[in-house]
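According to the working numbering, the sequence shown is numbered sequentially starting from 19.
One structure is given below, encoded as structure tokens.
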Amino acid sequence: PKFKLDDQSAITPELANKALFGEQLETNPGQLTAFKGQLAIILAIAHSEFVLSLAAEKIVGRLAHNLHNLRSQAGPAIWKLLIPIAQQHPLQEYLLQDPFTKWSFEKPRGYSGDATLLDIYYQHSSANEIIDRATPLGKEIYAYTSNAASSVAGRERRDILAQYVDRVCSEKHAAEILSIACGHLRESEKSEALARGDLKRWVALDQDPQSIVTVMQNNPADIVKPIQGSVRGLLRRSYNLGSFDLVYASGLFD
């Protein structure tokens, strides 16, 4: 990334590993061997189904279900050891054709859940170029992953945030809103109050300067006020932001 992460406002791979796994736990060699065998079978079946050109939706849905069950049974210590085995399997040749999976895996902006990833599963027009570059198989997988329950929930959350903003603006004249870890602030595109200009200001705070530029380019400058800053800076009261009628944090882990 072209900016320094503070390991507080963005979920880096290192921070995620520490939170999920902590210190390396002891593993039973016999159990590890057994789970490696189960993983090999799960991946081999999915790989053979891709080779046979079966429906991508069914392959990925079944694969996700099987891996979820395996993770639950294996526990964090063994799962941590299984991850690199899965990532090196030839199956990745197929899965990484999906732009959603590819962006998640590669983390081009240096951290998980960046604003472009959200745009990809929002099915936002700004992500069209990324989707268009995908292979036919990649687009087929994306049709499934972008409409999986978690993706649908993400889009609904964006709409619910816009509804909260609109409700506050209907109850309070010249309302002031603060969005923490705002990303591209796509909920602003769904806000009727913003479209009418029925609020005083909407402060959008994010650590990623690229996200701040996008917010600036896509919203009315007289109302939406992007600020580059972090959760750590916010907790330290490093910014003179004033007071608000609604404050929300919609980062994926907040």
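Heads up, the beta-carbon is just placed ideally off N, CA and C, and yes, glycines get one too.
Asked                                                                                                                                                             : Found
To the nearest angstrom, how far is the alpha carbon of SER169 from that of TRP121?                                                                               : 14 Å
From the DSSP output, in three-state form, read off ALA92 for me.                                                                                                 : helix
Give me the DSSP bridge partner(s) of VAL221.                                                                                                                     : LEU196, LYS243
Since ASP137 and SER144 should fall inside the 8 Å C-beta cutoff, what is the C-beta to C-beta distance between them, to a whole number of angstroms?             : 5 Å
What are the boundary residues of the beta strand (DSSP E) that includes TYR266?                                                                                  : 264-267
Count the other CB atoms within 10 Å of the CB of ARG268; is the residue buried (16 or more) or exposed (fewer)?                                                  : Per the sequence shown, the amino acid found at residue 268 is Ser instead of Arg. Buried.
Would you call the CB atoms of ILE241 and ARG214 closer than 7 Å?                                                                                                 : no
Check whether the Cβ atoms of PHE123 and TYR160 lie closer than 7 Å to each other.                                                                                : no
Taking ALA167 as the reference, which of PRO227, GLY79, PRO244, LEU196 has the closest Cα?                                                                        : GLY79
State the Cα-Cα distance for the pair ALA152 and GLU189, rounded to the nearest angstrom.                                                                         : 45 Å
Given this structure, state the Cα-to-Cα distance separating ALA180 from LEU264, to the nearest angstrom.                                                         : 12 Å
Given 8 Å as the limit, is there contact between the region 77-94 and the region 123-132, that is, 3 or more CB pairs closer than that?                           : no
What first and last residue would you give for the alpha helix (DSSP H) that runs through PRO227?                                                                 : 227-236
Based on Cα-Cα distance, which residue from ALA133, LEU253, GLU67 lies nearest to SER229?                                                                         : ALA133
Taking a contact to mean a Cβ-Cβ separation below 7 Å, would you say LEU135 touches HIS65 in this structure?                                                      : no
Using DSSP with H/G/I as helix, E/B as strand and the rest coil, what is SER130?                                                                                  : strand
What residue ranges within the region 106-130 form continuous alpha helix (DSSP H) runs of no fewer than 4 residues, ordered along the chain?                     : 110-113, 117-124
Determine the contact status of TYR162 and GLU75, defining contact as a CB-CB distance below 7 Å.                                                                 : yes
In three-state DSSP terms, what is LEU203?                                                                                                                        : coil
Report the option in THR232, GLN105, HIS191 whose CA atom is closest to the CA atom of ARG204.                                                                    : THR232
Cβ of ASN84 within 7 Å of Cβ of ILE103?                                                                                                                           : no
What are the start and end residues of each continuous alpha helix (DSSP H) run of 4 or more residues lying completely inside the region 138-190, in chain order? : 146-150, 154-163, 167-189
Taking Cβ to Cβ, would you say LEU223 is nearer than 7 Å to ILE195?                                                                                               : no
When the Cα atoms are used, what is the spatial distance from ARG173 to GLY48?                                                                                    : 43 Å
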